[in-house]
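**Student:** Chains A and B supply the protein sequences, listed in that same order. The first sequence runs 6 to 403 under the working numbering. The second sequence runs 30 to 401 under the working numbering. Pasting a structure here, questions to come.
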Amino acid sequence: MDIALSKEERAFAEKMRTFFTTEIPAEIRERLARGEHATREDILTSQQIMNSHGIAVPHWPTQWGGQDWTPIQRHLWAEEMLLNFVPPPLAFNAQMVGPVIAEFGSEAIKERFLPPTANLDIWWCQGFSEPNAGSDLASLKTTAVREGDEYIVNGQKTWTTLAQWANWIFCLVRTDPEAKKQRGISFLLIDMSSPGVTVRPIQLIDGSHEVNEVFFDNVRVPADQLVGEENAGWDYAKFLLGNERTGVVAVGQTKARILRIKRLAAQTMSGGRPLLEDPLFRARLTRLEVEVTAIEMSVLRVLDSEGRNGPGKPDPVSSVLKLKGSELQQEATELLVDVLGVAGLAYRETDSIAGGFTAVPEGAVDAMPTYFNWRKASIYSGSNEVQRTIIAKAILKF
Amino acid sequence: MELDLTEEQRMLGDAVKSLLDKRYEPNTRLALLESDDTVNREMWKQYAELGLLGLTFDEQYGGAGMGVGELAVVMEAFGRALVLEPFVATVVLGGALVAAAGSPEQKAAILPGVADGSTLLAFAYSEVNSRWSLTDLETAATADGDSWRIDGEKIAVLGGDSADQVIVSARTPDGDVGLFLVDGASITRNPYRLQDGLGAADLLFAGTPATALGAPAEALAHVESVLDVATAVLCAEAVGAMDRMLWITVDYLKTRVQFGQPISVFQALQFRAADMFVWLEQARSMSIVARLALANDDVAERRRAIQAAKIQVDTSSRRVGQEAIQLHGGIGMTMEYPVGHYVKRTAVIAKTFADTDTLVELVGAGGGLITE
Chain A
6 MDIALSKEER AFAEKMRTFF TTEIPAEIRE RLARGEHATR EDILTSQQIM
56 NSHGIAVPHW PTQWGGQDWT PIQRHLWAEE MLLNFVPPPL AFNAQMVGPV
106 IAEFGSEAIK ERFLPPTANL DIWWCQGFSE PNAGSDLASL KTTAVREGDE
156 YIVNGQKTWT TLAQWANWIF CLVRTDPEAK KQRGISFLLI DMSSPGVTVR
206 PIQLIDGSHE VNEVFFDNVR VPADQLVGEE NAGWDYAKFL LGNERTGVVA
256 VGQTKARILR IKRLAAQTMS GGRPLLEDPL FRARLTRLEV EVTAIEMSVL
306 RVLDSEGRNG PGKPDPVSSV LKLKGSELQQ EATELLVDVL GVAGLAYRET
356 DSIAGGFTAV PEGAVDAMPT YFNWRKASIY SGSNEVQRTI IAKAILKF
Chain B
30 MELDLTEEQR MLGDAVKSLL DKRYEPNTRL ALLESDDTVN REMWKQYAEL
80 GLLGLTFDEQ YGGAGMGVGE LAVVMEAFGR ALVLEPFVAT VVLGGALVAA
130 AGSPEQKAAI LPGVADGSTL LAFAYSEVNS RWSLTDLETA ATADGDSWRI
180 DGEKIAVLGG DSADQVIVSA RTPDGDVGLF LVDGASITRN PYRLQDGLGA
230 ADLLFAGTPA TALGAPAEAL AHVESVLDVA TAVLCAEAVG AMDRMLWITV
280 DYLKTRVQFG QPISVFQALQ FRAADMFVWL EQARSMSIVA RLALANDDVA
330 ERRRAIQAAK IQVDTSSRRV GQEAIQLHGG IGMTMEYPVG HYVKRTAVIA
380 KTFADTDTLV ELVGAGGGLI TE
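The structure is reproduced here in structure tokens:
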């Protein structure tokens with residue numbers, strides 16, 4: 006989308022590209038470009054390099070390591086990162102808990118948590134969803150009862166992404182069971198090594214271990230780990246969820262996937278010619294490219310308006326970005342499955358194969374698992390049905 | 030980055046909107062649609078007075094010297110009102126071709142008349158067997174001393190029913206696709222309205238005298254550039270039409286009562302309305318991509334972006350239009366209600382210059398939009 010950018014903005018994107026392709030180890034980027042998952046070590050390395058250059062958390066207040074960038078510059082930073090297969094800073098730290106602490110936390114809690122959060126010395130996970138609180142998040146039941154200088158936490162969280170790698174969890178807990186459901190919720194920071202915290206893995210249909218259940222059994226949490234006011238947690242959660250209006254689209258990631266699909270389709274023979282020249286395949290690919298270009302411009306429109314008018318109230322275009330963006334991410338994963346064809350059917354942990362057999366083609370390990378895994382995109386961050394309701398509410402004014 | 034309209038563009042858009050709000054409400058439009066004349070001369074005079082008919086022409090030829098961004102603003106407003114007059118035929122196609130391909134003498138002879146509203150133009154290029162190609166032509170041009178003679182048939186010529194002068198594409202003995210100016214009085218016409226109510230005609234040329242518009246060998250490149258602009262501004266027109274379809278439908282959902290409540294309470298309908306909004310936003314974004322692309326000096330890239338915009342706009346308008354009728358129920362099927370008229374206009378736009386499959390093939394064969 007170079008045509009929409011000013012000369013200065015293009016130069017900024019170029020600077021970011023240079024940074025990512027020289028400072029982040031090529032070995033990591035190359036493995037991710039081949040479709041491998043980032044390891045815990047990869048994410049740590051990447052975020053700590055960025056943080057040492059002051060660009061791990063650019064959207065935070067400058068006092069806490071943020072950059073005085075425009076919304077477009079922040080977008081270009083994220084885009085170049087994704088296009089170059091750099092593991093992004095951990096979203097739970099950089100996008101979620103960090104901004105909440107910076108906005109609502111006391112000075113003491115900021116000083117204690119923000120520097121290690123930016124540097125990933127603390128690995129956060131998110132304790133929001135519960136077995137009976139999904140789209141209806143405010144019906145959550147995990148309780149925190151104040152006892153002296155502590156809260157006693159009991160309950161269960163679920164869909165907790167990468168809890169197995171985390172050492173802290175930020176939780177929404179019910180502190181006032183009498184209040185109306187949104188009003189009795191607080192935002193609490195909990196050390197995962199506290200007695201009474203148990204993590205149980207959930208295996209997903211792609212074979213991965215990405216999410217977990219987290220159980221709290223009389224967990225004692227120091228009261229100074231409450232963020233902001235007691236019973237104001239719902240407002241902080243709304244701030245957190247509304248904070249990233251455009252990032253969830255991850256256009257850069259979808260574009261990177263499309264580039265990979267084109268590269269692999271050019272190498273894949275089908276009916277005596279490269280699959281990329283098959284008119285039906287190419288038509289589907291082209292239609293996807295058109296829709297991705299459109300959503301990219303929609304992202305730029307939101308950022309452009311934020312740049313001129315400051316952050317606006319959540320508007321239905323944010324929901325369009327989530328809804329359409331996730332559908333396009335999913336379509337891209339389907340096209341890669343189509344490229345691999347029969348070669349993608351075998352369930353494999355790696356691409357190594359016994360001597361004498363033909364090498365496993367690139368994408369064979371990850372194409373179908375990625376397709377299965379990304380069905381999540383239309384479910385998380387407010388399911389697409391929730392997004393449609395938000396859009397309908399906004400235009401129909403009910 | 031500057032994606033928003035300039036102050037000047039906003040004022041132009043407001044001026045056009047306020048004229049059309051006053052003079053083009055649905056009942057007036059229905060009356061125009063039923064009249065035998067496809068050109069409402071009173072409206073045409075108003076467009077001329079606002080400077081719209083010479084918007085992008087040089088000032089020395091009576092124009093306003095504005096850019097295609099302004100043209101897109103006007104077209105979006107026209108799309109909202111469903112303007113019936115031959116603006117695309119005369120200004121976006123005919124006038125632009127004269128401005129691009131004509132000699133200084135030809136420009137001086139023709140453009141001031143276009144700008145002041147006294148001359149109507151049309152561009153005749155489609156043929157029975159040409160489908161979407163500009164070059165699969167059977168119409169032939171033969172030299173006749175200093176001038177030319179044209180033989181052949183053109184179909185679905187936008188504004189061909191009313192044009193005072195017609196610009197015809199024809200194959201020369203040298204194999205070029207040239208552009209030729211023909212006087213309207215010397216053409217045999219079969220006039221009609223298109224599905225959307227705009228005037229058009231099939232045209233017969235039999236040894237019809239003509240003059241070359243610029244050098245025939247250079248004509249095709251001019252046609253392609255003019256169609257790039259025309260495609261981009263048709264996208265803007267379609268976005269204007271889609272925007273109206275959405276909001277007319279939303280108003281209807283809020284006011285139509287069934288089972289004792291407004292039908293907007295039903296989630297099945299809410300979700301369809303939400304999807305209309307998503308399709309519209311995708312189209313709006315690509316219309317901006319097309320507008321920005323017009324400034325790109327790389328012709329191939331520019332053309333791919335504009336073609337891509339039309340793919341999105343036509344895909345979106347088909348969905349938005351079909352949902353608009355469905356969400357209205359029976360009333361959406363009637364001539365007296367506006368929403369069907371928008372559906373018809375956007376359906377014609379989707380078959381103007383090129384259809385979606387053709388554009389998808391062109392963009393894909395050109396390497397697509399997302400490249401290293």
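For glycine and all other residues, C-beta sits at the position ideal for the given N, C-alpha and C.
(1) Relative to the C-alpha of B/D165, which residue among B/E54, B/T201 and B/V103 is closest?
(2) To the nearest angstrom, how far is the alpha carbon of B/R58 from that of B/V377?
(3) How big is the Cα-Cα spacing for A/F109 and B/R313?
(4) Select from A/A96, A/L142 and A/E152 the residue whose C-alpha is nearest the C-alpha of A/C130.
(5) So is the beta-carbon of B/S345 under 7 Å away from any non-hydrogen atom of the ligand SAH?
(6) Looking only at its own chain, which residues have a Cβ that is under 8 Å from the Cβ of A/Q161, when we skip the five neighbours before and after it?
(7) Expressed to the nearest angstrom, what Euclidean distance is found between the alpha-carbon atoms of B/Q355 and B/A302?
(8) Only counting runs of 4 or more residues, tell me where the alpha helix (DSSP H) segments fall wholly within the segment 363-393 of chain A, in order along the chain.
(9) Would you identify the three-state DSSP class for A/I127, choosing helix, strand or coil?
(10) Using a Cβ-Cβ cut-off of less than 7 Å, give me the residues of the segment 323-342 of chain A that come near chain B, in sequence order.
(11) Anything in chain B within Cβ reach of A/T291, meaning under 7 Å, just list it in chain order.
(12) Quick one: any contact between the segment 221-234 of chain B and the segment 181-198 of chain B, if contact means 3 or more CB pairs under 8 Å?
(13) Between the alpha carbons of A/R45 and A/W173, how many angstroms are there, rounded?
(14) In this structure, what does DSSP give as the bridge partners for B/W177?
(15) Can you say whether A/K115 is buried or exposed, counting buried as having 16 or more other CB atoms within 10 angstroms of its CB?
(16) Taking the alpha carbon of A/I266 as the reference point, which residue from A/A242, A/L293 and A/D240 has its own alpha carbon closest?
(17) Taking only three categories from DSSP, how would you classify A/M274?
(18) Quick check: A/V91 and A/I48, are their CB atoms within less than 8 Å of each other?
(19) Does chain B have any CB closer than 8 Å to the CB of A/V297?
(20) In the DSSP assignment, find the unbroken beta strand (DSSP E) run with A/H214 in it and report its ends.
(21) Quick check on A/Q72: does DSSP put it in helix, strand or coil?
(22) Could you tell me how far apart the beta carbons of B/W177 and B/F209 are, in whole angstroms, since I believe they sit closer than 8 Å?
(23) Write down every uninterrupted run of the alpha helix (DSSP H) in the segment 340-388 of chain B whose length is 4 residues or greater and which is fully enclosed by it, in chain order.
(24) Let's see if you can read the secondary structure: which residues bound the alpha helix (DSSP H) around A/N89?
(25) Rank B/E71, B/A241 and B/G269 by C-alpha distance to the C-alpha of B/S346 and give the top, closest one.
(26) Kindly indicate if chain B contains any beta-carbon less than 8 Å away from that of A/K12.
(27) Quick one, which residues of the segment 266-284 of chain B are near chain A if we go by CB-CB under 9 Å, in chain order?
(28) I need the DSSP call for B/I292, collapsed to helix, strand or coil.
(29) Quick check on the DSSP output: the alpha helix (DSSP H) that includes A/T50 runs from which residue to which?
(30) Determine, using beta carbons only, whether A/A397 and B/Q299 come nearer to each other than 8 Å.
(31) From the DSSP secondary-structure annotation, give me the bridge partner or partners of A/W173.
(32) When DSSP labels each residue in this structure, what does A/F24 get in the three-state scheme?
(33) Could you confirm whether any beta carbon from chain A is found closer than 8 Å to the beta carbon of B/L321?
(34) If you draw a straight line from the alpha carbon of A/D196 to that of A/H42, how long is it in whole angstroms?
(35) Between A/D371 and A/K260, what straight-line distance do the alpha-carbon atoms span, to the nearest angstrom?
(36) Which value, in whole angstroms, describes the spacing of the CA atoms of A/T27 and A/E215?
**Tutor:** Based on what the coordinates show:
(1) Start at 1 with the first residue of the second sequence, and residue 165 of chain B comes out as number 136. The shortest Cα separation from B/D165 among B/E54, B/T201 and B/V103 belongs to B/T201.
(2) Within the second sequence, numbered from 1, the residue matching residue 58 of chain B stands at position 29. Within the second sequence, numbered from 1, the residue matching residue 377 of chain B stands at position 348. If I take the Cα positions, the gap works out to 18 Å.
(3) The residue you call residue 109 of chain A lines up with position 104 of the first sequence. The residue you call residue 313 of chain B lines up with position 284 of the second sequence. Straight-line Cα distance between these residues: approximately 37 Å.
(4) Within the first sequence, residue 130 of chain A is the residue found at index 125, counting from 1. Ranking A/A96, A/L142 and A/E152 by Cα distance to A/C130 puts A/A96 first.
(5) In terms of ligand content, the structure shown is empty, and the ligand SAH therefore cannot be addressed.
(6) In the first sequence, residue 161 of chain A corresponds to position 156, counting from 1. Only E135, P136, T147, E218, V219, F220 and F221 meet the Cβ criterion.
(7) In the second sequence, the residue the question calls residue 355 of chain B occupies position 326. In the second sequence, the residue the question calls residue 302 of chain B occupies position 273. Those two C-alpha atoms are separated by around 10 Å.
(8) 372-378
(9) Locating residue 127 of chain A in the first sequence gives position 122, where the first residue counts as 1. Coil at A/I127, not helix or strand.
(10) V325, L328 and K329
(11) As a first step, residue 291 of chain A must be located in the first sequence, where it is residue number 286. Going along chain B in sequence order, the residues near A/T291 (Cβ under 7 Å) are V389, V392, G393 and G397.
(12) yes
(13) Against the first sequence, residue 45 of chain A aligns to sequence position 40. Against the first sequence, residue 173 of chain A aligns to sequence position 168. Those two C-alpha atoms are separated by around 15 Å.
(14) As a position in the second sequence, residue 177 of chain B is number 148, starting the count at 1. According to DSSP, which records beta bridges pairwise, B/W177 is partnered with B/A172 and B/A239.
(15) For the purposes of this step, residue 115 of chain A is taken as residue 110 along the first sequence, with counting starting at 1. Per the 10 Å Cβ criterion, buried.
(16) One-based indexing of the first sequence puts residue 266 of chain A at position 261. Residue A/L293 is the option with its Cα nearest to A/I266.
(17) By 1-based counting over the first sequence, the position of residue 274 of chain A is 269. Three-state result, A/M274: strand.
(18) Taking the first sequence and counting its residues from 1, one reaches residue 91 of chain A at position 86. Taking the first sequence and counting its residues from 1, one reaches residue 48 of chain A at position 43. Contact: no.
(19) Looking up residue 297 of chain A in the first sequence gives position 292. Yes, A/V297 lies at the interface with chain B (some Cβ there is under 8 Å from its Cβ).
(20) In the first sequence, the residue the question calls residue 214 of chain A occupies position 209. Counting along the chain, the beta strand (DSSP E) containing A/H214 begins and ends at H214 to P227.
(21) Start at 1 with the first residue of the first sequence, and residue 72 of chain A comes out as number 67. Correct three-state label for A/Q72: coil.
(22) By one-based count along the second sequence, residue 177 of chain B stands at place 148. By one-based count along the second sequence, residue 209 of chain B stands at place 180. Yes, B/W177 and B/F209 are in contact; Cβ-Cβ is about 6 Å, under 8 Å.
(23) 368-378
(24) Mapped onto the first sequence, residue 89 of chain A falls at position 84. Element bounds for A/N89: n/a, residue is neither H nor E.
(25) Looking up residue 346 of chain B in the second sequence gives position 317. B/S346 has its Cα closest to that of B/G269, out of B/E71, B/A241 and B/G269.
(26) Residue numbering aside, residue 12 of chain A sits at position 7 when the first sequence is read from its first letter. With 8 Å as the cut-off, A/K12 does not count as an interface residue toward chain B.
(27) L275, W276, V279, L282 and K283
(28) The count along the second sequence starts at 1 and reaches residue 292 of chain B at position 263. Residue state, collapsed to three classes: helix.
(29) Mapped onto the first sequence, residue 50 of chain A falls at position 45. R45 to S57 is the extent of the alpha helix (DSSP H) around A/T50.
(30) Stepping through the first sequence from its first residue, residue 397 of chain A is reached at position 392. Stepping through the second sequence from its first residue, residue 299 of chain B is reached at position 270. Yes, these two residues count as a Cβ contact at 8 Å.
(31) For the purposes of this step, residue 173 of chain A is taken as residue 168 along the first sequence, with counting starting at 1. The partner list for A/W173 (beta bridge, DSSP) reads A/W129 and A/D196.
(32) The residue you call residue 24 of chain A lines up with position 19 of the first sequence. Residue state, collapsed to three classes: helix.
(33) As a first step, residue 321 of chain B is located in the second sequence; it is residue number 292 there, counting from the start. True, the Cβ-Cβ gap to chain A drops below 8 Å.
(34) To locate residue 196 of chain A, count along the first sequence from 1; it is residue 191. To locate residue 42 of chain A, count along the first sequence from 1; it is residue 37. Spanning the two alpha carbons is a distance of roughly 26 Å.
(35) Along the first sequence, read from residue 1 onward, the residue named residue 371 of chain A stands at position 366. Along the first sequence, read from residue 1 onward, the residue named residue 260 of chain A stands at position 255. Computed Cα separation, rounded: 17 Å.
(36) Locating residue 27 of chain A in the first sequence gives position 22, counting from the first residue. Locating residue 215 of chain A in the first sequence gives position 210, counting from the first residue. Answer to the nearest angstrom: the Cα atoms are 29 Å apart.
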